[in-house]
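Chemist:
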Amino acid sequence: MSLKKSDKMQLPVFRYFPGLVGKLPFYSISTYPTPLKHLKNFSRNHENTEIFIKRDDLSGTIYGGNKIRKLEFLIGQAKAQNSERIVTSGAAGSNHALASAIYSKLAGFKTTLLLCDQPNSPAVRENLIADLSCGAQIKYLNSWNTLSRCLQEENGRSKESRSYVIPAGGSSALGTVGFVNAGLELAEQIREDVIPCPERIFVAIGTMGTAAGLLLGLRAAGLQIPLTGVRVVPSFVANEGELEALFVSTNQLLHDLSPSFPIIHLKDGDISIDHSQFGSDYGETTLEAKRVKAELLDSEQISLDMVYTGKAFSGLVSYLKGKVPEKNILFWHTKNSRTLPWELREGDYHHLPPGLSAYFKSSDRA
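So the number in our numbering is just where the residue sits in the sequence shown, counting from 1, plus 17.
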């Protein structure tokens, strides 16, 4: 497995705003643009609306999903600061933690993952084994509060330890720039008539960097498409106030680096959060998510997961059951669809901390 050399000027964010070149750190780990597809078969089951999908699940050649776009800027900054280790956090089966472990290793970093509990599943166990196979140091924390304190402590000693600390989900202002670029990329694809301009976009929201950056990028490109974010994490993590704060901080970062990047003010209707699909807890499967996953797989041979994209797509399907004013709707696929290479499936779970090795005991298996 290897990384490609960075070519900054291939990125829309640098072509639209050349004043950012040399001011934004960047380290290429993917190939863009990601594909767009018309869900023709699925759309036939839903009158008067055409559904399209943005295949960010294919963003990386080794491991895809929305985390890759954020990591390109975050790993770039870690390189620029001559860090030796990348530290980040998440739930036991965190896709962000795994993506960080994979690409940080390939970029020459050691990795520390701070992980806490979530409901068990085969996907959780697969990610934990892959974390191990990357050689990541894994620490188990017994609560989100403990994890948060530990991450703050790591941040406090980062200079001394030569560590670069990435927040959960990679959703800092710098990480969110990855999705500003994604919004500009989508604008280019629309102007090239790859798909008709969608009148609404649906996306899962967790730490909210995807939605905040995507909206900012679209507005910077002059497109007024509204977003619906479907919440898949507790409301204290994903909410309107935190999303607006991330939007504003990312906008300010880019404007400070290059005044040609405009200050953009959110308006009513720019973004809404659907709180109805979360279910009983983070990582808990819902019946509706299972149903729409089966429907999309059967009609389009595209897979969703049960923690993020299944619930987000459920939000879209629920929306379609109402009086839908839009003719064209885009779903942004954020979960990895790449099959992990064999060398990332060979780890021994006995080397995990006891709180995480318990996921592999037969009595605990989902």
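Note that beta-carbon positions come from the ideal geometry of N, C-alpha and C, so glycine has one too. This structure is a prediction, so every number in the text was calculated from the model and none was measured.
1) Are the segment 240-256 and the segment 366-373 touching by the rule of at least three beta carbon pairs closer than 8 Å?
2) Under a Cβ-count criterion, where at least 16 other Cβ atoms within 10 Å of its own Cβ denotes burial, should D322 be classed as buried or exposed?
3) Do you know offhand how far N256's Cα is from H292's?
4) Could you give the C-beta distance for Y49 and L201, rounded to a whole number, given that I count them as a contact under 8 Å?
5) For F69, list the residues DSSP reports as bridge partners.
6) Excluding sequence positions up to five away, which residues of its chain have a Cβ less than 7 Å from the Cβ of S277?
7) Please find out if some non-hydrogen atom of the ligand NAP comes closer than 8 Å to the beta-carbon of R102.
8) Below 8 Å on the Cβ atoms is my contact criterion, and I expect S117 with L88 to pass it. Report the Cβ-Cβ distance as a whole number of Å.
9) For a minimum of 3 consecutive residues, which ranges assigned as the beta strand (DSSP E) are wholly contained in the segment 248-299?
10) Rounded to a whole number of angstroms, what is the C-alpha to C-alpha distance between G107 and I119?
11) Identify every residue that forms a DSSP beta bridge with F219.
12) Can you tell me whether S106 is helix, strand or coil according to DSSP?
13) Note down the Cα distance separating K21 from I79, rounded to an integer number of angstroms.
14) In this structure, does DSSP put K310 in helix, strand or coil?
15) Tell me whether L232 is buried or exposed, calling it buried when 16 or more other Cβ atoms sit within 10 Å of its Cβ.
16) Give me the DSSP bridge partner(s) of V182.
17) Taking the straight line between their C-alpha atoms, what separation do you get for T224 and A185?
18) How far does the alpha helix (DSSP H) with L131 in it extend, from its first residue to its last?
19) Nearest CA to the CA of T357: which residue from A109, I70, C151?
20) Could I get the ranges of all uninterrupted beta strand (DSSP E) runs contained in the segment 317-372, with 3 residues as the minimum, in chain order?
21) For Y376, which residues of its own chain have a beta-carbon under 7 Å away from its beta-carbon, when the five flanking residues on both sides are left out?
22) Cα separation between S374 and V249?
23) Could you tell me if T421 is buried or exposed, where buried requires 16 or more neighbouring beta carbons within 10 angstroms of its beta carbon?
24) Does the distance from the CB of L168 to the CB of V104 come in under 9 Å?
25) By the three-class DSSP mapping on this structure, what secondary structure does I155 have?
26) Can you give me the Cβ contacts of P29 inside the same chain, cut-off strictly under 7 Å, excluding the 5 residues immediately before and after it?
27) Can you tell me where the alpha helix (DSSP H) holding K87 begins and where it ends?
28) Skipping 5 residues on each side, what residues in its chain have a beta carbon closer than 7 Å to that of N83?
29) Answer with buried or exposed for R174, where buried requires no fewer than 16 other C-beta atoms within 10 angstroms of its C-beta.
30) Just the C-alpha distance for I281 and N268, rounded to the nearest angstrom, thanks.
31) Going by Cα to Cα distance, which pick from A124, F264, E101, V334 is closest to G230?
32) What number of angstroms, rounded off, separates the C-alpha of S380 from the C-alpha of L240?
33) Run through DSSP, which three-state label would A124 get?
34) Roughly how many whole angstroms lie between the Cα atoms of Q154 and L361?
35) Can you give me the Cβ contacts of G234 inside the same chain, cut-off strictly under 7 Å, excluding the 5 residues immediately before and after it?
Modeler: Concretely, from the data shown:
1) no
2) In the sequence shown, the residue the question calls residue 322 occupies position 305. So D322 counts as buried.
3) Numbered from 1 along the sequence shown, position 239 holds the residue referred to as residue 256. Numbered from 1 along the sequence shown, position 275 holds the residue referred to as residue 292. For N256 and H292, the distance between alpha carbons rounds to 9 Å.
4) Walking along the sequence shown from the start, residue 49 turns up at place 32. Walking along the sequence shown from the start, residue 201 turns up at place 184. The C-beta distance from Y49 to L201 rounds to 10 Å, too long to meet the 8 Å contact threshold.
5) For the purposes of this step, residue 69 is taken as the residue at position 52 of the sequence shown. According to DSSP, which records beta bridges pairwise, F69 is partnered with H55, L347.
6) Reading the sequence shown from its first residue, position 260 is the one you call residue 277. The answer, listed in chain order, is F34, G36.
7) Ligands in the displayed structure: none, and consequently the ligand NAP is not present.
8) Your numbering for residue 117 matches position 100 in the sequence shown. Your numbering for residue 88 matches position 71 in the sequence shown. With a Cβ gap of about 6 Å, S117 and L88 count as contacting.
9) 288-291
10) Counting from one through the sequence shown, the residue named residue 107 turns up at place 90. Counting from one through the sequence shown, the residue named residue 119 turns up at place 102. Distance between the alpha carbons of G107 and I119: 15 Å.
11) Residue mapping note: residue 219 aligns to position 202 of the sequence shown, counting from 1. T245, F348.
12) Taking the sequence shown and counting its residues from 1, the one referred to as residue 106 is at position 89. Of the three classes helix, strand and coil, the one that applies to S106 here is strand, per DSSP.
13) Translated into positions along the sequence shown, residue 21 becomes position 4. Translated into positions along the sequence shown, residue 79 becomes position 62. Here K21 scores only 44 on pLDDT, less than 50, and its place in the model should not be relied on; the value that follows carries that caveat. K21 and I79: Cα-Cα distance of roughly 12 Å.
14) Taking the first residue of the sequence shown as 1, we reach residue 310 at position 293. Three-state DSSP puts K310 in a helix.
15) Walking along the sequence shown from the start, residue 232 turns up at place 215. Taking every protein chain shown into account, the CB of L232 has 16 or more other CB atoms within 10 angstroms, so this residue is buried.
16) Mapped onto the sequence shown, residue 182 falls at position 165. Beta-bridge pairing links V182 to V104.
17) Taking the sequence shown and counting its residues from 1, one reaches residue 224 at position 207. Taking the sequence shown and counting its residues from 1, one reaches residue 185 at position 168. Using only the alpha carbons, I get a separation of about 7 Å.
18) Here the question's residue 131 lines up with position 114 in the sequence shown. From DSSP, L131 is part of no alpha helix (DSSP H) but of the beta strand (DSSP E) over 127-133.
19) Looking up residue 357 in the sequence shown gives position 340. Reading the sequence as shown, one finds Leu at residue 357 and not Thr. Residue C151 is the option with its Cα nearest to L357.
20) 345-350
21) The residue labelled residue 376 in the question sits at position 359 within the sequence shown. So the qualifying residues of the chain are A109, N137, V141, R142, L145.
22) Residue mapping note: residue 374 aligns to position 357 of the sequence shown, counting from 1. Residue mapping note: residue 249 aligns to position 232 of the sequence shown, counting from 1. One C-alpha to the other measures close to 25 Å.
23) No statement about residue 421 is possible, as the shown extent of the chain runs from 18 to 383 and does not include it.
24) The residue labelled residue 168 in the question sits at position 151 within the sequence shown. The residue labelled residue 104 in the question sits at position 87 within the sequence shown. Yes. Within cutoff.
25) The residue you call residue 155 lines up with position 138 of the sequence shown. Of the three classes helix, strand and coil, the one that applies to I155 here is strand, per DSSP.
26) In the sequence shown, residue 29 corresponds to position 12, counting from 1. Excluding residues within five positions, the ones whose Cβ falls inside 7 Å are N198, L201, E202, E205.
27) Reading the sequence shown from its first residue, position 70 is the one you call residue 87. K87 -> alpha helix (DSSP H) spans 84-97.
28) What you label residue 83 is simply residue 66 of the sequence shown in a count that begins at 1. Within the same chain, N83 has close Cβ partners D73, T227, T351.
29) In the sequence shown, the residue the question calls residue 174 occupies position 157. With fewer than 16 other Cβ atoms within 10 Å, it is exposed.
30) Working through the sequence shown from its first residue, we reach residue 281 at position 264. Working through the sequence shown from its first residue, we reach residue 268 at position 251. Taking C-alpha positions only, I281 is separated from N268 by approximately 7 Å.
31) Position 213 of the sequence shown, counted from the start, is the residue given in the question as residue 230. Nearest option by C-alpha distance: F264.
32) Counted from its first residue, the sequence shown places residue 380 at position 363. Counted from its first residue, the sequence shown places residue 240 at position 223. Since pLDDT at S380 reaches only 45, below the 50 mark, its modelled position is unreliable, and no value is offered.
33) Position 107 of the sequence shown, counted from the first residue, corresponds to residue 124. Looking at A124 - three-state DSSP - the assignment turns out to be coil, as it is neither helix nor strand.
34) The sequence position of residue 154 within the sequence shown is 137, counting from 1. The sequence position of residue 361 within the sequence shown is 344, counting from 1. Roughly 15 Å between the two C-alpha positions.
35) Position 217 of the sequence shown, counting from 1, holds the residue named residue 234. F196, V197, N198, A199, G200, L201, listed in sequence order.
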